[in-house]
Structures are given as structure tokens and as C-alpha cells.
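If you read the sequence shown in the numbering used here, its first letter stands for residue 23, the second for the next number, and so on.
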Amino acid sequence: MNDLLLLSTLLAGPKHGYALKKQIALITGHGEMHNNLVYPLLKRFVANGWVSRRESAGERGQTRELYALTAKGRQEIVRRLSDFSPKSSSGDEFSLRVGLFEILEPATRHRILDERDKWLRQRIDRLANLSASMPLGKWGGTVVKFLRAQLVAEQKWIARLRTKPRR
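Pasting the structure below:
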């Protein structure tokens, strides 16, 4: 997910590595990505032609590398966003896709919503089977009830996303 997050951050326009790290920290709430992750990914993106790199003057006279998404990079983002499998995607990955729905075709958006909703229904059924098949105790029952409420809330959110007017 780090590579998709880093690539998609460039959709808003060119940025230098430090600004990318700050923006990703703001988006994820997990703190800055480490340099040992960001710069090798950017190097790979440049090598693949997804990102261009050029030197630019910094605010204090230093030279900075400025990274910009290429048309090929935008196509790669769309390809990766479209390649969605709820079994291999976390809730964060699903949320990232929804946040970038504007660059996806309506049919792709609906397919992603359908797949996630199907996964949620299966997960709710598994939790119901768990509750029915074994004693969970007070705390276990509380956890299952909480998890089910989260899944149901996400289903309701998905239903609202389906009816969101197109702009």
C-alpha cells in the first residue's frame, strides 16, 4: 500500500520527498514514512517511467529533487486501484481507493463497492457463526458485538456511496 499511497500523493502536483513524507503522515496519521522507504520507491517509480524527477531550488538556496507524476504513472495508479480484492486488502486500502474514486470509471467504483460489501456480509456471517458455535464469555461477546457494529456501519457507508450523485 505504501507505493500506491506515495504515487497517489503526486496526483495533486509535483512535490519533493520531504513534502511527500509530510503529506502521507497527515493522510495516514501514522507519522512520516522513513527515508529508507520513500526514496527507494521514488527511484523505482522514476526507473519505471511513472514519475519524473528534476532539480529545483529550495527555500534556503539548496537544491531539491522535485518529483512529478507522469501520464504512465497515472495509468499505473488507476490499474492498481482497479485491482481490488477484499481478501488481500485492508480497510485502509479500501478507504484509499474510495478516496481516489474520482479517477476511476463508475463501473470500476461499483465493482469495488460490490466486492467489499460481499466481503463484509461474509465476515458478519462468520461472526454470527462464531457466536452460535462457542461460548464467548462477557468480553469475547463484547468484542464480537463491536466488530459486527463496525461491519454494519461500513455497509451503510457503502450504501450511501452507491447513491452519491456524480459530479
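Every residue gets a Cβ at the ideal spot worked out from N, C-alpha and C, and that includes glycine.
State the DSSP-derived secondary structure class of S107, mapped to helix, strand or coil. Residue state, collapsed to three classes: coil.
Taking C-beta to C-beta, are L135 and R86 nearer than 9 Å? No, the Cβ-Cβ distance between L135 and R86 is not below 9 Å.
For M23, count neighbouring Cβ atoms within 10 angstroms of its own Cβ and tell me buried if that reaches 16, exposed if not. By the neighbour-count rule (16 or more Cβ atoms within 10 Å), M23 is not buried but exposed.
Could you tell me the boundaries of the alpha helix (DSSP H) in which R262 lies? With the chain covering 23 to 189 only, the question about residue 262 has no answer from this structure.
Considering just the uninterrupted stretch of the beta strand (DSSP E) at L88, what are its terminal residues? For L88, the uninterrupted beta strand (DSSP E) run begins and ends at 85-91, by DSSP.
In three-state DSSP terms, what is H56? H56: coil per DSSP, three-state reduction.
Using three-state DSSP, classify R82 as helix, strand or coil. Coil, per DSSP.
Nearest residue (CA-CA) to G80, options Q144, G159, R170, Y40: Shortest Cα-Cα distance from G80 to any of Q144, G159, R170, Y40 involves Y40.
Suppose the cutoff is 8 Å on Cβ atoms and the five residues either side in sequence are ignored; what does the same chain contact list for H132 look like? Excluding residues within five positions, the ones whose Cβ falls inside 8 Å are R184.
M55: buried (16+ other C-beta within 10 angstroms of its C-beta) or exposed? By the beta-carbon neighbour count (other beta carbons within 10 angstroms, threshold 16), M55 is buried.
Under 9 Å, do L42 and L64 count as touching if we go by C-beta distance? Pairing L42 with L64 gives a Cβ-Cβ distance under 9 Å.
I need the DSSP call for S9, collapsed to helix, strand or coil. No statement about residue 9 is possible, as the shown extent of the chain runs from 23 to 189 and does not include it.
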